[in-house]
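Novice:
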Amino acid sequence: MNQNIDLLTLRSVSKSYGTVPVLHDIDLSIRDGEFLTVLGPSGSGKTTVLRLIGGLEPLTAGEIRLDGQDISRMPINKRPFNTVFQDYALFPHMTVSGNVGYGLSVRHIKRKEIASRVSQALELVQLGRFAERFPAQLSGGQRQRVALARALICQPRLILLDEPLAALDLELRRQMQEFLKSIQREIKTTFLFVTHDQEEAIGMADRICVMQAGHIRQLGTPHELYYKPNCEFVARFFGENNLVAGKLGPVQGEQRPIETALGRLVCSICDQPHLKTAPDGVSAFAAFRPEALHLADAKDGANRFSGTITDLAFAGSSTVATIMAGANDAAQRLRLRMPSRIDGSALKSGEMVSLCFAPHEGHLVLA
Amino acid sequence: MSRAGSTHSAEGRLSQLVTVLAFALPVIFVLVPLAIFLVYSFFGVDQGTIVYAPTLSNYVRFFTDPIFLPVFWNTIVLCVSVAVICILLAYPAAYFLTTLKGRWRYALLMLLLVPLLMSYVIKIYAIRSILGLNGFLNKALVALGILDQPSTLFVFNMNAILLTLSLLLIPFAILPIFLSLERIPQTLLRASDDLGASSLQTFLRITLPLSLPGVASAASFVFVLAIGDFLTPQMVGGISGFTFGRILYSQFGTAYNWPFGAALSVALAIVVICAILVGERFGRSRGTSV
Amino acid sequence: MSAPRPSTIFLAAITALVAVLLYSPLFVPIVSSFFTISHGNVDWSSPTLSTYVALAGNHEILAALRTTLIVGLCTVVLSVVSGTLLALYYHGRRFGRSYLQFIIFLPFLMPPIISGLALLIFFREIGLERSLLTVVIGHTVFVLAIVYRTVLMRLQSMSRTLVEASYDLGATGWQTFWRIILPNLSSAMVGGAILAFALSFDETMITILVTGTQSTLPVRLWAMMRLGFSPDINALVALILMFTVLLCVLAARFLIPRQMATERT
Ligand SMILES: Nc1ncnc2c1ncn2[C@@H]1O[C@H](COP(=O)(O)OP(=O)(O)O)[C@@H](O)[C@H]1O
Ligand SMILES: [Mg+2]
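Chains as they are written, first to last, in our numbering: chain C, 1 to 367; chain Z, 1 to 290; chain W, 1 to 265.
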């Protein structure tokens, strides 16, 4: 496996149900062996992307290439992909081993081989003891693992998972996240994992593809998405963020100022050429994370402004302050996150404070 | 939708065959016979042979002859009465079932529905013997002192038809009423109790209105089954219990006038369709899925 | 526990009355299959199985019973095969579904006298002599709606992703049909078959209209009823009742618990 080779490519893929367009001109490359997460709010078209790749729905336009070959018209049962369905879709009349072995037995593989591969797969998902149970006799997490084993056993090139953890409770979901990740590392198969939960996406993915309203907004590593969102949607959707609207000023090397209601804020534009070429005076946002914002001291010069603390919330390891900053008529609500301290917070509600963030910790997104 | 994998030609031919069958079966065996039947009602009869020339004479005869319309009307009244009796008996029983818990509820429901599956002809026969002069009903009434001597009031007349049909059709009324009562969320009743309503008030203002759709389907069910029955009246109706179904049947037997029988069937079908539509219209539960 | 309320007692009394009314017509023949009845009085002192012995010798009735069973089995096979095909075909939106579904339901909704007479005229027009074949066709047309509906409801409660999962795992259309769809429908098909058999077994009105010289049990009984029954008929009725209850329990087994199981999955 080589993570730099594209396994599957979607080129200008569009999909409409009747006259209703659902996906608009999607381009997406999935690398061999990676764990790619498709993240987006409900209704953004994630399931549709998965169904198109799996062959459960025909494309309206565009093409899907596997190893460079067009497979847009290849029937479902010929595609070397397997799906873990959102409702698991376990066959209720078959035992666990019947379910897991189904993909092999429809290919007329010998019984003996099926039996040994089924027990291997069940060992992998730690369900060896449950081989003769029926799906109705299993818990949610166990059914989930049966569905996974059933998809793995055919050794597909790509495993498609549609919100497989959505039905599980929080604790179980955490365990399953780690479990899935460890299995993916072990079998080194490419996973395409759909979720609407950004924490889940950050925790599991090698790369994340953010979707909204049938468009791909950004594709990148969790780190890139977190620190270099390329649009307002991603900046707001992905983790907590402070966004302050303004107009861009002239480029200053790897930085660029933006004139906002909080004054001139200087942000990094490192490795983001489109921010360098954007003309002066264009509307944009300064974006900085709550943990980048801190109380200013004497030596801080840039990106300094004052605000009033309106609320303090203790959140375990950190404390979050809500701050109203700037002049009254253009007050901005900001959040500041700082490590909690055993002797109580240094901040007090109602206090007026001076705040700042370092230019390299702020970035710009075009409006 | 899901596209089947390999397009084996056998698989394709089978699916074509299924498509043809899916349309042909219902059309050939249901629609065509009914259509021919309808067409027949516009034919005439001359000395025992059917004249294949369009005429309205059958319908004219139905509306002008002094026999048919009154019998038609009496039969409708009879069947409405049957529906009313069935509902009066079935509603309390169905209500009682819903007050029971879990397994008892369904066991008792089963018990009340099993007679439905029991031989129809035998039931009619048994009921006739119960209603007869030497039957159990007369014996009981005499023993209770209600009658001085056995009466022929209950057999071989309209009363007999009414009683027999009611007895036969009660289960058909119990089921829809039970289902509609069961669908009423218990929380609604508890909410009403909480608001201080007495159980009678709760029943009259919550349960009864919400169960009316079930009553409507039950009534339409029973009515349709009763009006289509020609065996029961023939068996227990004697000479005075003459219903529309019997007249209709006789056109295909003794009277041997198929076209006229077909016209009578059209009249019957219209009444039945109206009853079904009324049942549908009022049988739709409104807002019970809270 | 407090004493039951008057309203509860009233309801229970009506329910008991209904039960007595419903069972009294069944009670009469069963009692008389074991005891002699003369002039409306049961002679409790001498139980006997003579009626059952007499029944075993009544060739006419046994022949009618055999005919009924043959007709019932043919009806079951025809209606289950075509009902399942129709349900599979009309499951999912297809052109003309609501109209054709209405047509399928017509014979069940219409009074049997209308369905029966329509078929009678139809058979005459196409030159098909009245025989057991016409009876089987009549029964099939009549019970088809029930089988169709039972199977269709199971199909609708079946998750669509099951079929998709099967294709996804590499199965062909045939494999998916035989290994996923059919096993999931089988209990509904058996339940539908039992209902179809029960309906066919007791069907009288359509049968009377379309039957030829050979008649089924209900029609035979109907013909005998004008003259009054011989006592061995009571034995037959008692046996049929037991058989019916058995069928009923079986049907409930096939139709109810599996549905609950699929709901849980
Ligand atoms: N079979 C369908 N017919 C019509 N519209 C559909 C169908 N499936 C999905 N859609 C629409 O497509 C959009 C995207 O759906 P989906 O891919 O399921 O979103 P997600 O999985 O991100 O929640 C939604 O607006 C949905 O209503
Ligand atoms: Mg989805």
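Just so you know, even glycine gets a beta-carbon here, dropped at the ideal spot from N, CA and C. As the structure is a prediction and not an experimental result, all values here were calculated from the model.
Identify, in the order they occur along the chain, each residue of the same chain with its Cβ nearer than 7 Å to the Cβ of VAL31(W), setting aside the five sequence neighbours on each side.
Specialist: Once the five neighbours on either side are set aside, the close Cβ partners of VAL31(W) are VAL42.
Novice: What did DSSP end up calling MET153(W) once you bin it into helix, strand or coil?
Specialist: Helix, per DSSP.
Novice: Looking at chain Z, is there any beta carbon in it that lies within less than 8 Å of the beta carbon of ALA19(W)?
Specialist: Yes, because at least one Cβ of chain Z sits closer than 8 Å to the Cβ of ALA19(W).
Novice: Could you check where the beta strand (DSSP E) with ALA284(C) kicks off and where it finishes?
Specialist: Run containing ALA284(C): 283-288, per the beta strand (DSSP E) assignment.
Novice: So, helix, strand or coil for SER119(Z), using DSSP?
Specialist: Residue state, collapsed to three classes: coil.
Novice: When you compare the CB positions of GLY191(W) and ALA251(W), do they come within less than 8 Å of one another, or not?
Specialist: Yes; because the gap between Cβ atoms is below 8 Å, this pair is in contact.
Novice: How about GLU11(Z): is its C-beta nearer than 8 Å to some C-beta of chain W?
Specialist: Yes, GLU11(Z) counts as interfacial toward chain W.
Novice: Give every residue of the same chain whose Cβ lies closer than 8 Å to the Cβ of GLY362(C), excluding the five residues on either side of it in the sequence, and list them in chain order.
Specialist: Same-chain partners within the cutoff: LEU265, VAL266, CYS267, SER268, ALA286, ALA287, PHE288, ALA292 and ASN303.
Novice: According to DSSP, ILE70(W) sits in a beta bridge with which residue or residues?
Specialist: None; ILE70(W) has no bridge partner.
Novice: What is the rounded straight-line gap between the Cα of GLN177(C) and the Cα of GLY203(C)?
Specialist: Those two C-alpha atoms are separated by around 8 Å.
Novice: Between the region 180-202 of chain C and chain W, which residues of the former have CB atoms less than 7 Å from a CB of the latter, in chain order?
Specialist: If the cut-off is 7 Å between Cβ atoms, the region 180-202 of chain C has nothing near chain W.
Novice: Report the neighbours of SER157(W) on chain C: residues whose CB is nearer than 7 Å to its CB, in chain order.
Specialist: Going along chain C, no residue has its Cβ under 7 Å from SER157(W), so there is no contact; the nearest lies around 11 Å.
Novice: May I ask you to report which of helix, strand or coil DSSP gives MET158(W)?
Specialist: Three-state result, MET158(W): coil.
Novice: If you draw a straight line from the C-alpha of ILE104(W) to the C-alpha of LEU73(W), how long is it?
Specialist: Rounded to the nearest angstrom, the two C-alpha atoms are 21 Å apart.
Novice: Establish whether the CB of CYS74(W) and some CB of chain Z are separated by less than 8 Å.
Specialist: Chain Z contact via Cβ: absent.
Novice: Quick check on the burial criterion: 16 or more other C-beta atoms within 10 angstroms. Buried or exposed for PRO257(W)?
Specialist: With a pLDDT of 49 at PRO257(W), under the threshold of 50, the modelled position of this residue cannot be trusted, and the question is left open.
Novice: Just mark PRO26(Z) as buried or exposed, buried being the case when its beta carbon has 16 or more other beta carbons within 10 Å.
Specialist: By the neighbour-count rule (16 or more Cβ atoms within 10 Å), PRO26(Z) is buried.
Novice: In three-state terms, what does DSSP make of CYS79(Z)?
Specialist: Correct three-state label for CYS79(Z): helix.
Novice: At least one CB of chain W closer than 8 Å to the CB of VAL382(C): is that the case?
Specialist: Coverage of chain C is limited to positions 1 through 367, which leaves residue 382(C) absent and any answer about it impossible.
Novice: For chain Z, check one thing: does any of its Cβ atoms lie closer than 8 Å to the Cβ of ILE173(W)?
Specialist: With the sequence shown as reference, residue 173(W) is identified as Gly, and Ile is not the correct amino acid for it. Closer than 8 Å: yes.
Novice: For a cutoff of 8 Å on Cβ pairs, would you count THR277(C) as touching chain W?
Specialist: THR277(C) does not count as touching chain W.
Novice: Tell me which residues share the same chain as SER349(C) and place their Cβ nearer than 6 Å to its Cβ, disregarding the 5 neighbours each side in the sequence.
Specialist: Taken in chain order, the residues that qualify are ILE309 and LEU312.
Novice: Mind listing the chain Z neighbours of MET189(W)? Cutoff is C-beta to C-beta under 8 Å, in chain order.
Specialist: Within chain Z, no residue comes near MET189(W); the closest Cβ sits about 16 Å away, beyond 8 Å.
Novice: Does ligand 2 have a heavy atom nearer than 7 Å to the CB of LYS46(C)?
Specialist: Yes, the Cβ of LYS46(C) comes within 7 Å of a heavy atom of ligand 2.
Novice: Is ASP343(C) near ligand 2, judged by its Cβ being under 7 Å from some heavy atom?
Specialist: It does not: the Cβ of ASP343(C) is nowhere closer than 7 Å to a heavy atom of ligand 2.
Novice: Could you say which of GLN155(C), VAL125(C), LEU59(C) and ASP297(C) lies nearest to LYS188(C) if we only look at CA atoms?
Specialist: Closest option to LYS188(C), Cα to Cα, is GLN155(C).
Novice: How big is the Cα-Cα spacing for TRP174(W) and LEU14(Z)?
Specialist: For TRP174(W) and LEU14(Z), the distance between alpha carbons rounds to 11 Å.
Novice: Going by CA-CA distance only, name the one from PHE68(Z), ILE76(Z) and LEU167(Z) that's closest to LEU89(Z).
Specialist: Measuring from the Cα of LEU89(Z), the nearest candidate turns out to be LEU167(Z).
Novice: If you draw a straight line from the C-alpha of LEU212(Z) to the C-alpha of PHE172(Z), how long is it?
Specialist: Cα to Cα, the separation comes out at about 15 Å.
Novice: Check distances from the C-beta atoms of the region 72-106 of chain W to those of chain C and list, in chain order, the residues that come in under 7 Å.
Specialist: Cβ contacts with chain C come from no residue of the region 72-106 of chain W.
Novice: With distances taken between CB atoms, is the gap from VAL272(Z) to THR164(Z) smaller than 8 Å?
Specialist: Going by C-beta atoms, VAL272(Z) is not nearer than 8 Å to THR164(Z).
Novice: May I ask whether a heavy atom of ligand 1 can be found less than 7 Å away from the beta carbon of SER79(W)?
Specialist: No.
Novice: What in chain Z is Cβ-close to SER24(W), meaning under 9 Å?
Specialist: Under the 9 Å cutoff, chain Z gives ALA126, ILE127, ILE130, PHE136 and LEU167.
Novice: Where does the unbroken beta strand (DSSP E) through VAL20(C) begin, and where does it stop?
Specialist: Per DSSP, VAL20(C) belongs to the beta strand (DSSP E) from 20-31.
Novice: Compare the C-beta of ILE70(W) against all C-beta atoms of chain C and say whether one is closer than 8 Å.
Specialist: Closer than 8 Å: no.
Novice: At a cut-off of 7 Å, would you count GLU163(C) as near ligand 2, judging by its Cβ distance to the nearest heavy atom?
Specialist: It does: the Cβ of GLU163(C) is within 7 Å (strictly closer) of some heavy atom of ligand 2.
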